[in-house]
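Q: These protein sequence lines map, in sequence, to chains L and W. Position 80 (the first sequence) corresponds to 87 in the working numbering; numbering is contiguous. Position 8 (the second sequence) corresponds to 557 in the working numbering; numbering is contiguous.
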Amino acid sequence: MYPAQFDYRRAGSVDEALGLLQEHEDAKLMAGGHSLIPMMKLRLAQPPVVIDIGRLDELKGISEAGGGVRVGALTTHADIAASDILAASCPVLAEAAGHIGDAQVRNRGTIGGNIAHADPGSDLPPVLVLLGASVHLQSPSGARSVAAADFFQDLLMTDVGEDEILTHVDVPARNAGAGAAYLKFEHPASGYAVVGAAASVTVQHGRCTAAGLVVGGVGAVPTAVDVSSLIGADLSDDAIATAASGLDTEDPLGDIFASGDYRVHVGKVYGKRALAAARDRA
Amino acid sequence: MTVSIQLEVNGKPVQAEVEPRRLLVHFLREDLGLTGANIGCETSLCGACTILVDGSAVKSCTMLAAQADGAAVTTIEGLARNGELHPLQDGFWEKHGLQCGYCTPGMILSANYLLEQNPSPSDEEIREGLKGNICRCTGYHNIVEAVKYAAERMS
Ligand SMILES: Cc1cc2nc3c(=O)[nH]c(=O)nc-3n(C[C@H](O)[C@H](O)[C@H](O)COP(=O)(O)OP(=O)(O)OC[C@H]3O[C@@H](n4cnc5c(N)ncnc54)[C@H](O)[C@@H]3O)c2cc1C
Chain L
8 MYPAQFDYRR
18 AGSVDEALGL
28 LQEHEDAKLM
38 AGGHSLIPMM
48 KLRLAQPPVV
58 IDIGRLDELK
68 GISEAGGGVR
78 VGALTTHADI
88 AASDILAASC
98 PVLAEAAGHI
108 GDAQVRNRGT
118 IGGNIAHADP
128 GSDLPPVLVL
138 LGASVHLQSP
148 SGARSVAAAD
158 FFQDLLMTDV
168 GEDEILTHVD
178 VPARNAGAGA
188 AYLKFEHPAS
198 GYAVVGAAAS
208 VTVQHGRCTA
218 AGLVVGGVGA
228 VPTAVDVSSL
238 IGADLSDDAI
248 ATAASGLDTE
258 DPLGDIFASG
268 DYRVHVGKVY
278 GKRALAAARD
288 RA
Chain W
550 MTVSIQLEVN
560 GKPVQAEVEP
570 RRLLVHFLRE
580 DLGLTGANIG
590 CETSLCGACT
600 ILVDGSAVKS
610 CTMLAAQADG
620 AAVTTIEGLA
630 RNGELHPLQD
640 GFWEKHGLQC
650 GYCTPGMILS
660 ANYLLEQNPS
670 PSDEEIREGL
680 KGNICRCTGY
690 HNIVEAVKYA
700 AERMS
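Structure below.
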């Protein structure tokens, strides 16, 4: 199995990549290639030109920025999972990246490619929405940023424009007293999430002051659950289960492996467990 | 169109002109005759085509040869030194870590990467490290034993 023919261009800089995107209509950017190459082998994608951005060091790496953490678009899942900076300031992102696929996939796949591809079974989108991350995009006319919650628009559809490159993701500093967790019910063959739940709970002076839950895999885009009933509550298992049972989506995804109803059910169960794990870490 | 690539394969320099769509596994097997990396599922799931690219385990069916330009690639053919089997190869032999052998090159290269990162892994860590490699006949028990055998000899 191999892709249809295409022309290959390798960009030496972000500016060069932007120029190549302008020059070649319908060109596709390639980061790690771990979503694009499978799609091209299945001929679900047949771009006439592939622009390899995999070597743009300027888009790699994890650094502290403005109190939060900046993750370059080309940072691999393996580097995110192993990052000391993230372990200290945003362990839930490292936890989610460490659960992606397998070691080989984590060595090639990148955060930028993962969220630009926007597979509903991806692990990073619900976590980035939970964290209130911002996604930064560059085009020939300038740079802009968009909240992760607005970035994901539909199945495999995002806010990335045809002339844009995703450059980095900024994750804000976490609250003092916050705990967070990501739990996934994984497809036994692909390793993708059938359902993945990202939760956070903040406890200050023995009181819950903030809580969040975002579930992937049940809808076309990450589904935020209103768990505000936990604020000021005792965070008992019962209170958490009630909050997680608020998961609702009009048109749940279903396939031969898991029906829509089943995904919603699993989403509630994993949502509850993720909230409980977040509470225990707060 | 073709792309010129220069890389190092098992320590030897290689230069070639490849079609952009040439997958690394096809380049290794068909152009270089290194048939150790096997093609199993072709959908990036089975791990039979696993090799090392700059020391990292990678599925070579999901990488273009053009992406390997400038890289150092290691295949199973490059593991033995001066006719002596690598401890992992020895371990798979000693512990009966294979029957048909189809998954073995990928298993060994994934295990090699794992032991680079974690020289004395627990059984669970070995299973996690080999999650991307599927065996359909031997079963994983002896494969885990083989990796432990190698870990002891390499430490
Ligand atoms: C066997 C297997 C198992 C997997 N399991 C999981 C899993 O469990 N969980 C999970 O979350 N993912 C999983 N994945 C997907 C993996 O995380 C991919 O690596 C990721 O989705 C895509 O990242 P990439 O760097 O490989 O992107 P590519 O494949 O190179 O690109 C994907 C898409 O994003 C676009 N793109 C890439 N980079 C940019 C950029 N900087 N700016 C704009 N557009 C860009 C490309 O044009 C393309 O459309 C799996 C993949 C495989 C092959």
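Every residue gets a Cβ at the ideal spot worked out from N, C-alpha and C, and that includes glycine. Note that the coordinates shown come from a computational prediction; the quantities given were computed from them, not determined experimentally.
Determine the burial state of residue 268 of chain L: buried for a count of at least 16 other Cβ atoms within 10 Å of its Cβ, exposed for fewer.
A: exposed
Q: Looking only at its own chain, which residues have a Cβ that is under 6 Å from the Cβ of residue 694 of chain W, when we skip the five neighbours before and after it?
A: 644
Q: Which of helix, strand or coil does DSSP assign to residue 552 of chain W?
A: strand
Q: Using three-state DSSP, classify residue 266 of chain L as helix, strand or coil.
A: coil
Q: Consider the C-beta atom of residue 238 of chain L and the heavy atoms of ligand 1; say whether any pair is separated by less than 7 Å.
A: no
Q: Have a look at residue 557 of chain W and residue 593 of chain W and give me their C-alpha separation to the nearest angstrom.
A: Going from the Cα of residue 557 of chain W to the Cα of residue 593 of chain W covers about 23 Å.
Q: Taking the straight line between their C-alpha atoms, what separation do you get for residue 579 of chain W and residue 608 of chain W?
A: The C-alpha of residue 608 of chain W is placed about 17 Å away from the C-alpha of residue 579 of chain W.
Q: From what residue to what residue does the beta strand (DSSP E) around residue 658 of chain W run?
A: From DSSP, residue 658 of chain W is part of no beta strand (DSSP E) but of the alpha helix (DSSP H) over 653-666.
Q: Can you check which of these residues, W/566, W/559, W/561 and W/560, is closest to residue 15 of chain L by C-alpha distance?
A: W/566
Q: Which residues in the same chain have their Cβ closer than 8 Å to the Cβ of residue 616 of chain W, if we skip the five residues on either side of it in sequence?
A: 573
Q: Against chain W, which members of the region 104-130 of chain L pass a CB distance test of less than 8 Å?
A: 108, 109, 110, 111, 112, 114 and 115
Q: Ligand 1 and residue 101 of chain L: does the residue's C-beta get closer than 7 Å to at least one heavy atom of that ligand?
A: no
Q: Nearest to residue 263 of chain L by CA position, among L/218, L/201, L/250 and L/257, is which residue?
A: L/201
Q: Is it buried or exposed for residue 284 of chain L, if we count other Cβ within 10 angstroms and need 16 for buried?
A: buried
Q: Helix, strand or coil for residue 81 of chain L per DSSP?
A: coil
Q: Leaving out five residues before and five after residue 686 of chain W in sequence, what residues of the same chain have Cβ atoms less than 6 Å from its Cβ?
A: 648 and 649
Q: Does the contact criterion of 3 or more C-beta pairs under 8 Å hold for the region 143-151 of chain L versus the region 167-174 of chain L?
A: yes
Q: With DSSP collapsed to three states, give me the class of residue 698 of chain W.
A: helix
Q: Roughly how many whole angstroms lie between the Cα atoms of residue 64 of chain L and residue 575 of chain W?
A: 28 Å
Q: Under a CB-based cut-off of 8 Å, is residue 12 of chain L close to chain W?
A: For residue 12 of chain L, the answer is yes, since a Cβ of chain W falls inside 8 Å of its Cβ.
Q: So who's on the other strand from residue 151 of chain L, going by DSSP bridges?
A: DSSP, once it has assigned bridges, lists L/144 as partnering residue 151 of chain L.
Q: Quick one: is residue 678 of chain W near chain L, going by C-beta distance under 8 Å?
A: yes
Q: With burial defined as no fewer than 16 other Cβ atoms inside 10 Å of the residue's Cβ, what is the status of residue 561 of chain W: buried or exposed?
A: exposed
Q: In chain W, which residues lie less than 7 Å from residue 8 of chain L when you measure between Cβ atoms?
A: 591
Q: Output needed for residue 250 of chain L: all residues of its chain with C-beta closer than 6 Å, excluding positions within five of it in sequence on either side, in chain order.
A: 234, 236 and 237
Q: Flag residue 697 of chain W as yes if its beta-carbon sits less than 8 Å from any beta-carbon of chain L, otherwise no.
A: no
Q: Please state if the CB of residue 204 of chain L and the CB of residue 156 of chain L are separated by a distance shorter than 8 Å.
A: no
Q: Going by DSSP, what residues sit across from residue 36 of chain L in a beta bridge?
A: Beta-bridge partners of residue 36 of chain L (DSSP): L/58.
Q: Quick check: the region 96-110 of chain L against the region 127-134 of chain L, are at least 3 beta-carbon pairs closer than 8 Å?
A: yes
Q: Would residue 82 of chain L and residue 114 of chain L be called neighbours here (beta carbons separated by less than 8 Å)?
A: no
Q: What does a CB cutoff of less than 7 Å around residue 689 of chain W pick up in its chain, not counting 5 residues either side in sequence?
A: 676
Q: Looking at chain W, is there any beta carbon in it that lies within less than 8 Å of the beta carbon of residue 197 of chain L?
A: yes
Q: Quick check on residue 668 of chain W - is its C-beta less than 8 Å from some C-beta in chain L?
A: no
Q: Leaving aside the five residues before and after residue 228 of chain L along the sequence, list all residues of the same chain whose C-beta is less than 6 Å from its C-beta, in chain order.
A: 159
Q: So what's residue 562 of chain W in DSSP terms, helix, strand or just coil?
A: strand
Q: With 16 as the cutoff for other CB atoms within 10 Å, does residue 211 of chain L come out buried or exposed?
A: exposed
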